[in-house]
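See below for the structure under consideration.
Chains as they are written, first to last, in our numbering: chain A, 1 to 115; chain B, 116 to 230.
Pasting the structure below:
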């Protein structure tokens, strides 16, 4: 079956512009995660959605970052007024649930470059 | 708070030799531990996990890991390395006793298997 997909695969933007990154999780997966992978860094947790529960936003680095998940499926990560330090690969992952440490399935990522 | 440490940025091993990639963790409750691998130009893939039960966990591609509670470690091992094992490896932990579903990833260890 289809895996997690993300779009766009690459995004180049100018400092100060807003960007939207999209994630399509595996059908039926109730949990969805966003991570950021910077060069030389590990994966940095950003936000987590589980079903209809309130999302865990504790990893969002600033109020310029926001995410939503519509209809329990597709998710959009929005970065407003982008800065050069936002340049990174943004990864999305989904899992069946998070009750017992289910395996996360990762998308290919969106590589964001802020000039 | 939970944390993960991967003390080696890079591990070099000759093909056919055993390999070990180290991971130590810190959680206040029960650890859920994972290893993921990132091959060049490909997304992260699940290798194996420890939730409960046997301390020795076997996973994909001949990899295994041993959960050691007293040393708070979850080192990844393989008896005989292949050149195709060359990749970036991430250890991750979640506190299974808390209400959070946040996974903390290490900074990654680059494994280079030399022919």
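Think of the CB as a built atom: it goes at the ideal place given N, C-alpha and C, for glycine as much as any other residue. Here the structure is a predicted model, which is why all the values come from computation and not from measurement.
Spatially closest choice to residue i from the options, by CA coordinates
i, options, result
"residue 148(B)", "155(B), 135(B), 134(B), 139(B)", "139(B)"
"residue 206(B)", "194(B), 227(B), 161(B), 126(B)", "161(B)"
"residue 128(B)", "211(B), 155(B), 194(B)", "194(B)"
"residue 23(A)", "45(A), 44(A), 94(A), 61(A)", "94(A)"
"residue 116(B)", "133(B), 142(B), 228(B), 126(B)", "142(B)"
"residue 9(A)", "151(B), 157(B), 145(B)", "157(B)"
"residue 132(B)", "192(B), 180(B), 209(B)", "192(B)"
"residue 228(B)", "215(B), 202(B), 209(B), 198(B)", "198(B)"
"residue 130(B)", "165(B), 118(B), 196(B)", "196(B)"
"residue 96(A)", "69(A), 20(A), 29(A)", "29(A)"
"residue 144(B)", "221(B), 176(B), 216(B), 155(B)", "216(B)"
"residue 51(A)", "92(A), 18(A), 72(A)", "72(A)"
"residue 118(B)", "176(B), 166(B), 209(B)", "209(B)"
"residue 4(A)", "25(A), 64(A), 111(A)", "25(A)"
Chain-ordered neighbours of residue i on chain B, where CB pairs are closer than 8 Å
i, result
"residue 107(A)", "158"
"residue 48(A)", "216, 217"
"residue 59(A)", "217"
Residue j beta carbon less than 8 Å from that of residue i
i, j, result
"residue 104(A)", "residue 33(A)", "yes"
"residue 136(B)", "residue 224(B)", "yes"
"residue 77(A)", "residue 67(A)", "yes"
"residue 43(A)", "residue 37(A)", "yes"
"residue 200(B)", "residue 226(B)", "yes"
"residue 203(B)", "residue 106(A)", "no"
Interface partners of residue i on chain B, CB under 7 Å
i, result
"residue 56(A)", "215, 216, 217"
Residue i: contacting residues in chain A (beta-carbon distance under 7 Å)
i, result
"residue 222(B)", "41, 42"
"residue 193(B)", "The premise fails here: residue 193(B) is roughly 20 Å from chain A at the closest Cβ pair, so nothing lies under 7 Å."
Closer than 7 Å: residue i CB and nearest the ligand SAM heavy atom
i, result
"residue 25(A)", "Annotation note on the ligand SAM: not contained in the displayed structure, which lists no ligands."
Residue i: contacting residues in chain B (beta-carbon distance under 9 Å)
i, result
"residue 65(A)", "Residues of chain B passing the Cβ test: none, with the nearest at roughly 16 Å."
Chain-ordered chain A contacts of residue i [CB-CB under 8 Å]
i, result
"residue 184(B)", "Within chain A, no residue comes near residue 184(B); the closest Cβ sits about 16 Å away, beyond 8 Å."
"residue 205(B)", "42, 43"
"residue 189(B)", "Ordered by position in chain A, no residue passes the 8 Å Cβ test against residue 189(B), which lies about 13 Å from the chain."
Chain E within 8 Å of residue i, Cβ atoms only
i, result
"residue 103(A)", "Although the question refers to chain E, the structure presented lacks it and instead comprises the protein chains A and B."
Cross-chain neighbours of residue i in chain A, by beta carbon under 9 Å
i, result
"residue 178(B)", "The premise fails here: residue 178(B) is roughly 15 Å from chain A at the closest Cβ pair, so nothing lies under 9 Å."
Quick check: the region 116-133 of chain B against the region 48-64 of chain A, are there 3 or more CB pairs under 8 Å? The region 116-133 of chain B vs the region 48-64 of chain A: no contact.
For the pair the region 71-89 of chain A and the region 164-171 of chain B, tell me if three or more CB-CB distances fall below 8 Å. no
With a floor of 3 residues, list each beta strand (DSSP E) that falls wholly inside the region 148-176 of chain B, ordered by position along the chain. 159-165, 171-173
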